[in-house]
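Trainee: Got a structure for you, questions after.
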Amino acid sequence: MNIMKNIYYFILLSLLLSSCKESGPAWTFEKEIDISGAAPIGIDIANDEIWISDGDNSRLLKMDMDGNILVEEKDFERPMHIAIDGESVYIPSYGTDAIVEYKNGLRSELILKDSLDAPAGVDVLGKEMAIADFYNHRVIYTDGSNWLSVGEKGNGDLEFHYPTDVQMVGDKIYVADAYNNRIQIIDKSGKHVKNMGKEEKMNAATGIFVDGEFIYITDFEHDRVLLYKHDGQFIAELKEGLQKPTDMVIYNDKLYITNYKSQSIAVYKI
Amino acid sequence: MKIINISIITALLFLFIGTENANAQKVEKDNYTVMVDGLGCPFCAYGLEKKFKELKGVKGVKIDMETGQFDFTFPADRPLTVEQVESQVDAAGYTAVKTTIKRADGSIEKSKEKIQSLNEDALVTEDIYVFGNCGMCKARIHKAGNEMEGIATVNWDIDTKMLTVTYDSSKISIEDVEEKMAEVGHDTKNEKTASDVYEALPGCCQYEREN
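So the protein sequences, as listed, match chains E and U.
The working numbering applies: residue 1 is where the first sequence begins, and numbers increase by one.
The working numbering applies: residue 1 is where the second sequence begins, and numbers increase by one.
Structural data, given as C-alpha cells:
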C-alpha cells in the first residue's frame with residue numbers, strides 16, 4: 001500500500017515539476033539572407049531597413065529586408081556592434097578608438113570624456129550611452145552628464161575579459177563578456193547584478209540582445225545563439241543556419257542573426 | 001622665335017626641377033607580407049592590425065581573413081628584418097607562418113625554412129593533451145611543434161585537445177614537446193605555462209586552466 005502511495009506521489013511530483021519547467025520562445029529557422037561580400041559584425045533594424053557593420057571591409061551598409069544594399073558608407077575603421085537611436089546610427093570605430101554618429105548621410109565623432117581602446121559595442125538611448133571598451137576591459141556609461149567607468153581585466157564580478165557588446169534595458173546594462181564566455185549584468189550605478197552562461201561553456205560570447213523576457217547571446221566559435229531568462233535560467237540553443245554568429249536583433253517578431261563566416265543573416269520566426 | 005625657345009627651355013627646366021624635388025620627397029617603402037595562421041576571430045584579427053598600426057610608419061595595412069595574409073608597408077630607411085616582423089606578430093599573440101619582404105631596391109627576403117634529417121627507424125607517434133581553445137591556438141601549437149628539431153608531423157584537434165605528434169625519438173622526447181607547448185602558452189598535463197606568457201595570449205586563446 002505504501003509503495004503504491006509513493007508511486008502516486010512520485011507521479012504527482014513529476015507532473016508538477018514538468019508543468020513548472022520553462023520553455024522559451026519557439027523560434028524556428030525560416031531563411032538565410034545572402035549578403036555575400038560583407039562580413040557582418042553588428043546589426044540593427046529600424047523602419048524596415050537593416051543596418052550592418054561590415055568589419056572586414058570597414059563599411060556601414062543599409063539594406064532592405066531582402067538584403068539588397070541601399071546605402072554603402074566606406075572608410076570606417078573596423079566598425080563593430082552598432083546601435084540605432086532615432087535617426088542616428090552609432091558606430092564604434094574599433095580602429096580609431098571613437099564612437100561615430102551617422103545621421104542623414106553625415107558623420108561626426110562623439111566627444112567622450114574618456115579615451116577608448118578599441119570600442120567594440122555601443123548602445124544609445126537618448127542622452128544615455130553605454131560602450132564596450134574592448135582592450136581596456138571595461139564598460140563606460142553616461143547618463144548624458146555624468147560618466148561612469150566600470151570594470152578591469154579579470155574574471156570576477158565587475159571584471160571583464162574583452163567585452164564586445166552592450167545593451168541597456170531599464171536600469172541595467174547587459175554585457176557580452178566575450179572571453180570570460182559569459183553574460184555579465186551591471187546596473188547604471190556600476191553595481192554588479194548577475195553573471196550567467198558559464199555552464200554552457202561558450203567560446204567567445206560576442207553579441208548580446210535583450211528584450212523584456214529573454215537574453216540572447218552569440219556563441220561565436222560554437223556557431224550558436226543561446227537564450228536565457230532574466231533570472232539566469234538557460235532556455236534554448238539555436239544552431240540552424242548559423243556560422244560564426246556575431247550579433248542579433250528582434251524586429252517585427254522575427255529574430256535576425258548575423259553570420260560572420262557565411263556572410264549572411266539567418267532569420268528565425270516564432 | 002627666340003622668345004618662344006627661351007619659354008620652352010624655361011618650362012622644361014621647371015619641369016625637370018619639379019620632378020627631381022618630387023623624387024627627393026618621395027619616401028621609399030618596403031612591402032611586407034606575413035602569412036598569419038588562425039585569424040578566424042575578427043575581434044583578435046582587427047587587434048593585430050591595430051597593434052601594428054601603433055608602429056610609427058606602418059601604412060597600407062590589409063588583412064585577408066580567409067587566407068590569413070597580412071600586408072603592410074614600412075619606410076625603407078628603417079628596415080625591419082623578417083625576425084623582427086615575426087616576433088612582433090608573435091608578441092601580439094598571433095602566429096606568423098611565413099614572411100616575405102620586398103625591399104624598395106627590388107631585393108626579396110623570406111623566412112628561413114627548416115631543413116632537417118630524420119631517422120625513419122626512430123620515428124614514434126604519440127598523443128598528448130594540450131590546452132587551447134581556437135584556431136589561433138591551433139596555429140600556435142602547430143608552429144611551435146614544427147619549429148622543433150626532430151619533429152616529423154604535428155596535428156592538434158581543436159575538439160579533443162589531443163596533439164598527435166610524430167617525432168624522431170633519437171633526437172627528442174615527448175617531454176621536450178610538452179615543454180615546448182608550455183613555453184608558447186599552452187599547458188599540458190605535465191607542464192604549466194608561466195603566468196605572464198598565458199596572460200599575453202589573445203583573449204580567445206585564454207583557455208580555462210586547471211589548478
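We put the CB at the ideal spot given by N, CA and C, even for glycine.
Please read all numbers here as calculations on a predicted model, not as lab measurements.
With 16 other CB atoms within 10 Å as the buried threshold, where does residue 106 of chain E fall?
Mentor: Exposed.
Trainee: Counting only runs of 4+ residues fully inside the region 110-154 of chain U, write out the alpha helix (DSSP H) ranges in chain order.
Mentor: Taking only runs of at least 4 residues, the alpha helix (DSSP H) segments lying wholly in the region 110-154 of chain U are 135-147.
Trainee: Taking C-alpha atoms, which residue in E/74, E/36 and E/111 lies nearest to residue 67 of chain E?
Mentor: Nearest C-alpha to residue 67 of chain E: E/36.
Trainee: Taking contact to mean at least 3 C-beta pairs separated by less than 8 Å, is the region 119-135 of chain U in contact with the region 94-106 of chain U?
Mentor: The region 119-135 of chain U is not in contact with the region 94-106 of chain U.
Trainee: Spatial neighbours of residue 117 of chain E within its chain, please: CB distance less than 8 Å, with the 5 preceding and 5 following residues excluded, ordered by chain position.
Mentor: Counting only Cβ-Cβ distances below 8 Å, and skipping sequence neighbours, we find 97, 133, 134, 135 and 136.
Trainee: Counting contacts by CB-CB distance shorter than 8 Å, is residue 65 of chain U in contact with chain E?
Mentor: For residue 65 of chain U, the answer is yes, since a Cβ of chain E falls inside 8 Å of its Cβ.
Trainee: Please report the straight-line C-alpha distance between residue 111 of chain E and residue 142 of chain E, rounded to a whole angstrom.
Mentor: About 12 Å.
Trainee: Using a Cβ-Cβ cutoff of less than 8 Å, which residues in the same chain neighbour residue 138 of chain E once the five nearest sequence positions on both sides are dropped?
Mentor: Excluding sequence neighbours, residue 138 of chain E sits near 149, 150, 151, 152, 160 and 163.
Trainee: Going by C-alpha to C-alpha distance, which of E/87, E/109, E/104 and E/85 sits closest to residue 76 of chain E?
Mentor: Ranking E/87, E/109, E/104 and E/85 by Cα distance to residue 76 of chain E puts E/109 first.
Trainee: Could you tell me the alpha carbon to alpha carbon distance between residue 55 of chain U and residue 70 of chain U, rounded to whole angstroms?
Mentor: Going from the Cα of residue 55 of chain U to the Cα of residue 70 of chain U covers about 15 Å.
Trainee: Starting from the beta carbon of residue 206 of chain U, find every residue of chain E whose beta carbon is closer than 8 Å, and list them in chain order.
Mentor: Those are 161 and 179, listed as they occur along chain E.
Trainee: Between E/174, E/179, E/243 and E/198, which lies nearest to residue 212 of chain E when the distance is taken from Cα to Cα?
Mentor: Comparing Cα positions, the closest option is E/174.
Trainee: How many angstroms separate the CA atom of residue 82 of chain E from the CA atom of residue 74 of chain U?
Mentor: For residue 82 of chain E and residue 74 of chain U, the distance between alpha carbons rounds to 33 Å.
Trainee: Looking at the strands, I want to know which residues DSSP matches up with residue 102 of chain E.
Mentor: E/89 and E/107, per the DSSP bridge assignment.
Trainee: Just how far apart, CA to CA, sit residue 67 of chain U and residue 58 of chain E?
Mentor: Going from the Cα of residue 67 of chain U to the Cα of residue 58 of chain E covers about 18 Å.
Trainee: What is the rounded straight-line gap between the Cα of residue 242 of chain E and the Cα of residue 32 of chain E?
Mentor: One C-alpha to the other measures close to 9 Å.
Trainee: According to DSSP, is residue 17 of chain E part of a helix, a strand, or is it coil?
Mentor: Only weak support exists for where residue 17 of chain E lies, its pLDDT of 44 falling under 50; the coordinates are left without a value.
Trainee: Residue 220 of chain E and residue 203 of chain E - do their beta-carbons sit closer together than 8 Å?
Mentor: Yes, Cβ-Cβ distance for residue 203 of chain E and residue 220 of chain E is below 8 Å.
Trainee: First and last residue of the alpha helix (DSSP H) that includes residue 83 of chain U?
Mentor: Note, residue 83 of chain U: alpha helix (DSSP H), 82-91.
Trainee: Of all the options U/32, U/63 and U/187, which has the alpha carbon lying nearest to the alpha carbon of residue 101 of chain U?
Mentor: Taking only the C-alpha atoms, the option nearest residue 101 of chain U is U/32.
Trainee: Determine the contact status of residue 37 of chain U and residue 97 of chain U, defining contact as a CB-CB distance below 8 Å.
Mentor: Their beta carbons are under 8 Å apart, which means residue 37 of chain U touches residue 97 of chain U by this criterion.
Trainee: Who are the neighbours of residue 41 of chain E on chain U, taking C-beta pairs under 7 Å?
Mentor: What residue 41 of chain E touches in chain U: 42.
Trainee: Straight-line CA distance for residue 188 of chain E to residue 28 of chain U?
Mentor: Looking at the two C-alpha atoms, the distance is approximately 52 Å.
Trainee: Given 8 Å as the limit, is there contact between the region 183-197 of chain U and the region 116-124 of chain U, that is, 3 or more CB pairs closer than that?
Mentor: The region 183-197 of chain U, when compared against the region 116-124 of chain U, does not touch it at the 8 Å Cβ threshold.
Trainee: Let me confirm a value: residue 170 of chain U is counted as buried when at least 16 other C-beta atoms fall within 10 Å, else exposed. Which label applies?
Mentor: Exposed, since its Cβ has fewer than 16 Cβ neighbours within 10 Å.
Trainee: Compare the C-alpha of residue 45 of chain E against each of E/34, E/125, E/62 and E/54 and name the closest.
Mentor: Among E/34, E/125, E/62 and E/54, the Cα nearest to that of residue 45 of chain E belongs to E/62.
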